[in-house]
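The opening residue of the sequence shown carries number 1 in UniProt numbering; numbering runs sequentially from there.
All C-beta atoms in this analysis are idealised placements derived from N, C-alpha and C, irrespective of residue type, glycine included.
First up is the structure itself, then whatever we jot down about it.
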Amino acid sequence: MVRSLVGLLPNDAPWGELSKEILQEQCAVRDLATTGDTHELYHRLLAYKDDNISDRRRSPWLLRLRRPADYEKHCKEAESVTLQIVRIEDMGGSGRYLNKHFTITNEEGALFTLSLSKEPACTCHAG
Numbered sequence: 001m002v003r004s005l006v007g008l009l010p011n012d013a014p015w016g017e018l019s020k021e022i023l024q025e026q027c028a029v030r031d032l033a034t035t036g037d038t039h040e041l042y043h044r045l046l047a048y049k050d051d052n053i054s055d056r057r058r059s060p061w062l063l064r065l066r067r068p069a070d071y072e073k074h075c076k077e078a079e080s081v082t083l084q085i086v087r088i089e090d091m092g093g094s095g096r097y098l099n100k101h102f103t104i105t106n107e108e109g110a111l112f113t114l115s116l117s118k119e120p121a122c123t124c125h126a127g
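Right under this line is the structure:
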């Protein structure tokens, strides 16, 4: 059976902060029963999360209902900066997740490393 993953939230999403309609949608995407009240749907999704530990992240996924105060500043800065990829290193991995290191440079020639793996990281400045 093929099912669409469009709209699928991670298993560690903050279920208690979401509406009944969204909880029903998330149950349907996971082939879980969509009947019951909000409390039942919430506990059904929590049980599913505990049964499917392969999707568990080391750092919880955060659902931000509003943007951080400095979002606009960082967004404008990101749009105005030109970065170039200098090198891509394939670091292997277990096959369950990507493990690559990208060396990038900015207009001033400073080098940064962006690591895409189970725990993404970057040596660039955050402010």
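For residue i, the three-state DSSP class (helix, strand or coil)
{"i": "Glu-89", "result": "strand"}
{"i": "Ala-47", "result": "helix"}
{"i": "Ala-78", "result": "helix"}
{"i": "Leu-114", "result": "strand"}
{"i": "Cys-27", "result": "helix"}
{"i": "Gly-127", "result": "Confidence is the limiting factor: at Gly-127 the pLDDT is only 49, short of 50, which leaves the residue's position unreliable and the question unanswerable from this model."}
{"i": "Thr-103", "result": "strand"}
Within 9 Å, strictly: CB atoms of residue i and residue j
{"i": "Asp-12", "j": "Lys-49", "result": "yes"}
{"i": "Leu-9", "j": "Gln-26", "result": "yes"}
{"i": "Thr-38", "j": "Ser-19", "result": "yes"}
Among the options, nearest to residue i - alpha-carbon criterion
{"i": "Ser-115", "options": "Cys-124, Glu-108, Lys-100 and Val-81", "result": "Lys-100"}
{"i": "Ile-85", "options": "Pro-68, Met-91 and Leu-111", "result": "Leu-111"}
{"i": "Ile-88", "options": "Ser-80, Thr-105, Glu-21 and Ala-28", "result": "Thr-105"}
{"i": "Ala-78", "options": "Glu-17, Ala-121 and Glu-107", "result": "Glu-107"}
{"i": "Gly-16", "options": "Leu-41, Asp-70 and Ala-28", "result": "Leu-41"}
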